[in-house]
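2 protein chains.
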Amino acid sequence: MQIESVKQVRRKEIIRAGTTVEQMVRAIADMIVTGVMSPGDKLDEISLASRFDVSRTPVREALGQLCAMGLVGREPNRSAVVTNVNERHLHSMFEAMAELEAICARLSAQRMTIDERHALEAEHRASMQLVHRRAEEEYATHNTQFHTRLYRGAHNDHIYDLVTQTRARLAPFRRAQFRLPGRLAKSYDEHDVIVTAIMRADAAGAGQAAYSHVSIVSDASTVFASAKEDV
Amino acid sequence: MQIESVKQVRRKEIIRAGTTVEQMVRAIADMIVTGVMSPGDKLDEISLASRFDVSRTPVREALGQLCAMGLVGREPNRSAVVTNVNERHLHSMFEAMAELEAICARLSAQRMTIDERHALEAEHRASMQLVHRRAEEEYATHNTQFHTRLYRGAHNDHIYDLVTQTRARLAPFRRAQFRLPGRLAKSYDEHDVIVTAIMRADAAGAGQAAYSHVSIVSDASTVFASAKEDV
DNA sequence: TGTCGTCTATGTGTATACAGATGCATTGTG
DNA sequence: CACAATGCATCTGTATACACATAGACGACA
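Going down the list, the sequences are from chains A and B. Positions 1 to 231 (the working numbering) are the ones given, in order, by the first sequence. Positions 1001 to 1231 (the working numbering) are the ones given, in order, by the second sequence.
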């Protein structure tokens, strides 16, 4: 009886804390993406359970989802670990990202509605101010929206899934891209080429512009080297 | 004590039956892919648990993986259901598949080693016999291998993951493609164009050939219509 | 002193128990 | 007779218990 009341209280606390599985996934993913946890770090189920004040069961659920997202690896009878990608694999992800962006840009050039084209152009034009003000954080937000518009503009749900998934897996390696001097202006110019091609319905041009945009932004080996030095 | 011995026995049975989570995933995926279960069918945890003679816990694990694979959908406090894709979404998957195949063919034309090129060509040539013998089953096996060679030949791990994943999700809708009259010969001819382009290191040609090959094979709306009539 | 074996501690995998939510059926009322 | 409300049954979500696997430490023997 007393035990049950304890359970009740705990349950209330959990509900109040609002620690759902989804939130745990977000929290752990954030820790990985922001570098709080480094590749190779163990994710102990018991520690996580006590940390989020839930039992191991939902923790395992969350780890399963993170595993599906590719952020953590799991082996039988072993703790889940933050996935440790090697340089070759990282390069393959950046290349895949470039290919997917190119597809989205091509399809966007062909399929975007008038409204979508106008919205893309307007948002892009407005971002010039952010470049002048050197507002890196805000530009990063705009940049995410800009690319999301391309993914949506392709009007293909499955490709949207693939590109979003790839983007999530690359997130840990894209930190602070816009801090580099002149990077904002360069990004804007590259966006401009893409937007212009899309407005002209120039599919091939948009695809090529998007490919080189992402390829240049990534420069995988450099990114990886810097990321590795942190470890 | 007695309870424990019962558990022991059960455990032995389970081990003997060898019903691991991975096997359950395979079994359920097969049921979906082969049409034993139709889109919209409920996947009751308790029924599955008794069916595989395990508790609900590993069943939930398996359902989570199937959800990540996109074969089943889950909503809170509701049974998992076999994903019911609409025509638009199915079309988007076929289109994505064509784009991914094109990428793999392009990259294969550029990157395959001499050995890989020879193996591809040899296997392709050998498949002509299967066409003459109208060996649909065997040709289907060969076809899978052929495409897998293209995915591997691109030398990009992440793209391999994406294309494999997409292929798995499309599996339920590709049954009996090779039963159609003349389909084998047509497939062979299309493979031939791809192989020739790859042997010449003609990236653009290989990409285009692969795209139209997959696009024609799929013909999404027809496939969907027939799949739908079964339901 | 080094190496191999065993023992223990920690953590995962699975089973079971229980609380909450949802959907359906049954009953009561207009 | 139809519709709504309530009760019940069923299934999911989470907690907890227990058995097995693995790794690291300690001791024995060469």
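Backbone N, C-alpha and C define an ideal beta-carbon position, used for all residues, glycine too.
Give the secondary structure of residue i by DSSP, where H, G and I count as helix, E and B as strand, and everything else as coil.
i       : result
A/A29   : helix
A/V81   : strand
A/L71   : coil
B/L1180 : coil
Going by beta carbon distance, what residues of the same chain come within less than 6 Å of residue i, once the five residues before and after it are set aside?
i       : result
B/H1245 : Because chain B spans 1001 through 1231 in this model, residue 1245 of chain B falls outside it and cannot be assessed.
B/A1210 : E1101, A1102, A1105 and I1194
A/A154  : C104, L107 and S108
B/M1024 : F1052 and A1062
Going by beta carbon distance, what residues of the same chain come within less than 7 Å of residue i, once the five residues before and after it are set aside?
i       : result
A/D202  : A109
B/A1114 : According to the sequence shown, residue 1114 of chain B is Ile rather than Ala. Contacts found: none.
B/S1215 : A1098
A/A241  : Residue 241 of chain A cannot be examined here, being either before or after the span of chain A that is shown, 1 to 231.
A/I46   : R56
A/P76   : none
For residue i, I'd like the list of residues in its chain whose CB is within less than 8 Å of its CB, leaving aside the five on either flank, ordered along the chain.
i       : result
A/S55   : A49
B/A1096 : T1166
B/A1080 : K1042, L1043, E1045, L1063, L1066, C1067, V1072, G1073 and R1074
A/A119  : R149
B/I1159 : L1100, I1103, C1104, L1107 and Y1151
Taking the alpha-carbon of residue i as reference, which of the options has the nearest alpha-carbon?
i       : options                               : result
A/H91   : B/L1184, B/N1156 and B/T1164          : B/N1156
B/E1061 : B/P1039, B/E1022, B/M1097 and B/K1042 : B/E1022
A/T144  : A/R111, A/H158 and A/F178             : A/F178
B/T1019 : B/D1041, B/P1058, B/Y1188 and B/P1076 : B/P1058
B/A1135 : B/A1029, B/L1180 and B/Y1160          : B/L1180
A/A243  : A/M112, A/E137 and A/H142             : This structure gives no information on residue 243 of chain A, because the portion of chain A shown stretches from 1 to 231.
A/T164  : A/P172, A/T148, A/G35 and A/M128      : A/T148
B/E1138 : B/L1184, B/R1117, B/E1116 and B/H1118 : B/L1184
B/S1187 : B/G1070, B/A1080 and B/A1140          : B/A1140
B/D1161 : A/R200, A/M112, A/G70 and A/D189      : A/G70
Alpha carbon to alpha carbon, how far is residue j from residue i? Give it in angstroms, no decimals.
i       : j       : result
A/E121  : A/I103  : 19 Å
A/L170  : B/E1087 : 31 Å
A/V85   : A/P39   : 8 Å
A/D30   : B/I1028 : 32 Å
B/A1068 : A/H132  : 43 Å
A/R78   : A/H213  : 40 Å
A/R152  : B/L1130 : 43 Å
B/M1093 : A/G73   : 27 Å
B/D1041 : B/I1032 : 10 Å
A/A204  : B/L1043 : 45 Å
B/V1009 : B/M1037 : Its pLDDT being 35, under 50, B/V1009 is placed unreliably by the model, and nothing is read from it.
A/H89   : B/L1150 : 18 Å
A/E116  : A/G35   : 35 Å
B/R1051 : B/T1083 : 21 Å
A/R200  : A/M112  : 11 Å
B/A1168 : A/D189  : 39 Å
B/M1260 : B/R1026 : Nothing about residue 1260 of chain B can be reported from this structure: the residues present for chain B run from 1001 to 1231 only.
A/G182  : B/Q1208 : 38 Å
A/F146  : B/F1146 : 38 Å
Just reading off the alpha helix (DSSP H) that residue i is part of, what are its end residues?
i       : result
B/F1094 : E1087 to R1111
B/A1126 : I1114 to H1132
A/G153  : E136 to G153
A/R200  : Unbroken run through A/R200: none, as it is neither H nor E.
A/A49   : E45 to F52
A/R169  : D157 to L170
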